[in-house]
Amino acid sequence: MTLRIYNTLTGKKEDFIPLRENKVGIYACGVTVYDLCHIGHARSSVVFDVIYRYLHYRGYEVTFVRNFTDIDDKIIKRANEEGVDYQVIAGKYIEEFYTDMGGVGLERPTFEPKATDHISGMIDLISILVEKGFAYRKDGDVFFSVEKFKDYGKLSKRNIEEMQAGARVEIDEKKENPLDFALWKSSKPGEPFWDSPWGKGRPGWHIECSVMSQKYLGETFDIHGGGKDLIFPHHENEIAQSEAATGKPFARYWIHNGFVNINREKMSKSLGNILTIKDILKEWHPEVLRLFFLSHHYRSPVDYSEDSLREANTGLDRFYMTLHAIQEELKKPVAPSKKEIDPAAIANCRQAIDSFPSLFEEAMKDDFNTAQALGYFYDLQRNLNSLLDISKGHPTQEIAPMLKQGLDHFSKIGWVFGLFREDPEDYLARQRKNGLKKLNLTEEQILHIIDDRNLARKEKNWKRADEIRNDLLSRGIALEDTPSGTNWKLK
RNA sequence: GGCGGCAUAGCCAAGUGGUAAGGCGACGGUCUGCAAAACCGUUAUUCACCGGUUCAAAUCCGGUUGCCGCCUCCA
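Sequence positions in the first sequence follow my numbering and run 3 to 493.
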C-alpha cells in the first residue's frame with residue numbers, strides 16, 4: 003500500500019510518508035518564459051502531471067505548485083532584441099505555455115505563482131540570509147556564501163573542494179568563492195529593477211523557488227521536482243538558501259525526470275534540433291505524446307524519433323478501436339446467455355478485468371512505474387478483445403457488465419495518465435478526417451468506391467473486388483469486411 | 001579532471017536476490033471468397049564482457065569495454 007519514491011537526496015527508493023497525514027505538498031519547477039516550450043518541457047510537465055494525478059487518485063489532498071520564472075537574463079535579452087519591455091516577452095510566453103500545455107492535457111496546478119509577484123518575499127529571505135551571515139553584499143549585489151552552509155552539495159553529491167578543482171566556472175572577481183551564487187543582482191542601466199535594501203536590482207534565479215515553495219507549502223514540504231539538470235546548481239542552491247534561512251529541512255523527497263534526446267542527440271540550440279510542443283502537436287494527437295513518455299520510466303532518458311511516436315500512435319489507435327468496439331457492442335440487445343461459450347474463457351477475462359486496478363496500483367506505487375502500468379493496460383485490452391470475440395455482436399447478461407467494467411477502468415484509471423479522454427467515436431472519426439485531408443480524398447469518394455466493390459463482391463467477382471481493395475490500399479486506405487459491412491481506415 | 005547514470009530479443013521497454021512484463025515487427029494457426037481486424041501460439045536457457053559473494057544474481061561486489069548526463073543557461 004505504501005508508495006515508494008526514489009529520492010535524489012538519498013539516492014534510494016523510500017517509503018513516502020507525507021508530513022501531514024493524507025495531505026501532500028508538491029512543488030515542480032516550471033519554465034522560464036522567454037521562448038516556446040519544447041518536448042523536454044513537455045516530458046517534465048507530463049511526469050509531474052501524472053504524479054499529481056496519481057497522488058490525487060490515491061486519495062491525498064494535493065497542493066501542487068508550479069511556478070513561472072518571469073524575470074531573468076534570457077528574458078531581458080530577448081526583450082532587448084525585440085525592443086519591448088520584458089513583461090511583454092514574459093506575458094507572451096506564459097500565454098504560449100498555457101496553449102501548448104493545455105494541448106498536452108495537463109491538469110492545472112493548485113497555484114501557479116510568478117517570480118515577479120514575490121519580489122518582496124525574496125527581499126525578506128535575502129535579508130535574513132544577510133543577517134544570519136550566510137550572505138554578503140558586494141557593491142549592489144548579494145551573494146550566498148556556499149562555505150557557510152555545511153551541507154552544501156548534499157543533493158548533487160559533490161563537495162566544494164572537488165568542484166573548485168575541476169571548475170570551468172569563470173571567476174567572478176566579486177565573489178569570495180567562485181561557487182557562491184547571486185541572491186540579488188544590481189541592475190544595469192535600462193534593465194528592469196526593484197528597490198531593495200541593496201539598491202535597485204533584481205533577484206537571482208534560485209531565490210524565487212525557495213520563496214514561492216515556502217509561501218504555498220510551508221518551510222518544510224513533501225515533494226520538490228524538476229528536470230535532472232536542475233539538481234545542480236538550482237536545487238542545490240535552493241536547499242542552501244532555504245535551510246540556511248529557516249534552520250529546518252526544506253523539501254523531503256526530491257524527484258527528477260530524465261531528458262529527451264532527439265534521434266540520439268541532445269537537444270540544443272546549437273544543434274538546431276529543438277522540437278517544440280507546437281511542432282509535435284501539429285503531427286500527433288496529444289495522447290500519442292503522453293503514451294510515448296509514459297512507456298518509459300520517468301528517470302530514464304528517452305529518445306525521440308519519428309518511429310517511436312508512430313509506434314505510440316499505433317498503440318493509441320488500437321486502444322481507441324477496442325474502446326469503440328466495446329461501445330458498439332454495448333449498444334446491442336443483451337441476450338440471456340449462450341451455452342456454447344466456454345466458461346473458462348469468461349472466467350479468465352473476468353479475473354483479468356477484476357484484478358486490473360490492483361495491478362495498476364502495484365506498478366504505480368513502486369516509484370511511479372508507468373511503463374509497467376501501461377503493460378497492464380495492454381493486458382486488459384487483450385482480454386476485452388477476447389471477450390468481444392466471444393460476444394460476437396450478441397452480448398450476454400454476463401458479458402455486457404464485464405465489458406462495461408473494462409470501459410470504466412479505461413475511463414477512471416486512464417485519467418491518471420491523461421489517456422483515453424476522448425470519445426472513441428470522435429477520436430476515430432478525427433483520425434480519419436485528418437488522414438483524408440493528407441490523401442486528398444473525401445469520405446464520399448471512398449464510400450462510393452466501397453459500394454462499387456461490394457457490388458462486385460455480390461457478383462462474386464473477386465478479381466475486381468481485390469483490384470479495388472488493392473488500389474485503395476496503395477493510396478493509404480485499408481478495408482475491413484465485417485458481418486455488419488465494410489469499414490475503412492487509414493493504413 | 002571531478003561526480004553521477006546507463007548497457008535486457010530485430011527494434012522500443014519493465015524488471016534491483018528466487019529463476020526474463022508489455023509494445024512494435026516477424027512467422028504459424030483460428031476466422032475470411034481472399035484479406036484486414038481480433039484472438040491463440042512461436043519469436044532472449046538468457047540480461048555488454050571477465051571474475052567474485054550466495055543454496056540462488058539481469059539484479060549485490062570488484063574489474064574491463066562502450067555510451068550518456070551534470071560540473072556554464074537549460075525540463
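Beta carbons are placed, not taken as given, at the ideal position from N, Cα and C, and that holds for glycine. On a predicted model such as this, the values are computed, not experimentally measured, just so you know.
Quick check for students: name the residue ranges of the beta strand (DSSP E) that lie wholly in the segment 226-287, counting only runs of 3 or more.
253-259, 262-264
So, for residue 238: in the same chain, excluding its five sequence neighbours on each side, which residues have a beta-carbon less than 6 Å away from its beta-carbon?
157, 158
Inter-stretch contact at 8 Å, needing at least 3 Cβ pairs: the segment 6-21 / the segment 253-271:
yes
Complete runs of the alpha helix (DSSP H) confined to the segment 345-391 [at least 4 residues]:
345-366
Could you pull the start and end residues of the beta strand (DSSP E) that residue 161 belongs to?
Premise fails: residue 161 is in no beta strand (DSSP E) and is neither H nor E.
State the Cα-Cα distance for the pair residue 188 and residue 423, rounded to the nearest angstrom.
49 Å
To which residues does DSSP link residue 179 through a beta bridge?
According to DSSP, residue 179 bridges with nothing at all.
Starting from residue 460, follow the beta strand (DSSP E) in both directions and report where the run begins and ends.
Here residue 460 belongs to no beta strand (DSSP E); instead the alpha helix (DSSP H) covers 445-460.
Check each candidate in 325, 33, 160, 134 and name the one with the smallest Cα separation from residue 93.
33
Roughly how far, in whole angstroms, is the beta-carbon of residue 300 from the beta-carbon of residue 49, given that I think they are within contact range, below 8 Å?
5 Å
Are the CB atoms of residue 194 and residue 73 within a distance shorter than 9 Å?
yes
Residue range of the unbroken beta strand (DSSP E) whose run includes residue 16
14-17
If you measure from the CB of residue 153, is any heavy atom of the ligand SAM nearer than 8 Å?
With respect to small molecules bound, the structure shown includes none, and the ligand SAM cannot be examined in it.
Could you check whether residue 433 and residue 356 sit closer than 9 Å to each other, using their CB atoms as the reference points?
no
I'd like the list of long-range same chain contacts for residue 210, defined as Cβ closer than 6 Å, with 5 residues on each side in sequence excluded.
117
Are the beta-carbon atoms of residue 113 and residue 65 separated by less than 9 Å?
yes
Given a threshold of 16 other Cβ atoms within 10 Å of its Cβ, counted over all protein chains shown, does residue 284 qualify as buried or as exposed?
exposed
Simplified DSSP assignment, three categories, for residue 466:
helix
In this structure, how does DSSP classify residue 210 when only helix, strand and coil are distinguished?
helix
Where residue 299 falls: helix, strand or coil (DSSP)
coil
Straight-line CA distance for residue 372 to residue 318?
15 Å
For residue 123, which residues in the same chain have their Cβ closer than 7 Å to its Cβ, ignoring the five residues on either side in sequence?
213, 217
Going by beta-carbon coordinates alone, are residue 416 and residue 379 separated by less than 9 Å?
yes
Residue 110 versus residue 141: straight-line alpha-carbon distance, rounded:
41 Å
Please state whether DSSP places residue 397 in a helix, a strand or coil.
coil
Rounded to the nearest angstrom, how far is the Cβ of residue 347 from that of residue 392, given a contact under 8 Å?
6 Å
Spatial neighbours of residue 322 in its chain, beta-carbon cut-off 7 Å, leaving aside the 5 residues before and after:
426, 429, 430
Check the DSSP bridge columns for residue 487 and list the partner residues they point to.
484
Nearest-angstrom Cα separation, counted from residue 185 out to residue 47:
27 Å
Can you give me the Cβ contacts of residue 233 inside the same chain, cut-off strictly under 7 Å, excluding the 5 residues immediately before and after it?
10, 157, 158, 258
How long is the line joining the alpha carbons of residue 382 and residue 105, rounded to whole angstroms?
27 Å
Going by the CB atoms, is the gap between residue 454 and residue 470 shorter than 9 Å?
yes
Report yes if the C-beta distance between residue 421 and residue 292 is below 9 Å; otherwise report no.
yes
What residues match up with residue 140 in a beta bridge as DSSP calls it?
143
Buried or exposed: where does residue 494 fall if 16 or more other Cβ atoms within 10 Å of its Cβ makes it buried?
This structure cannot settle anything about residue 494, because the visible part of the chain is limited to 3 through 493.
Determine whether the beta carbon atoms of residue 154 and residue 181 lie at a separation below 9 Å.
yes
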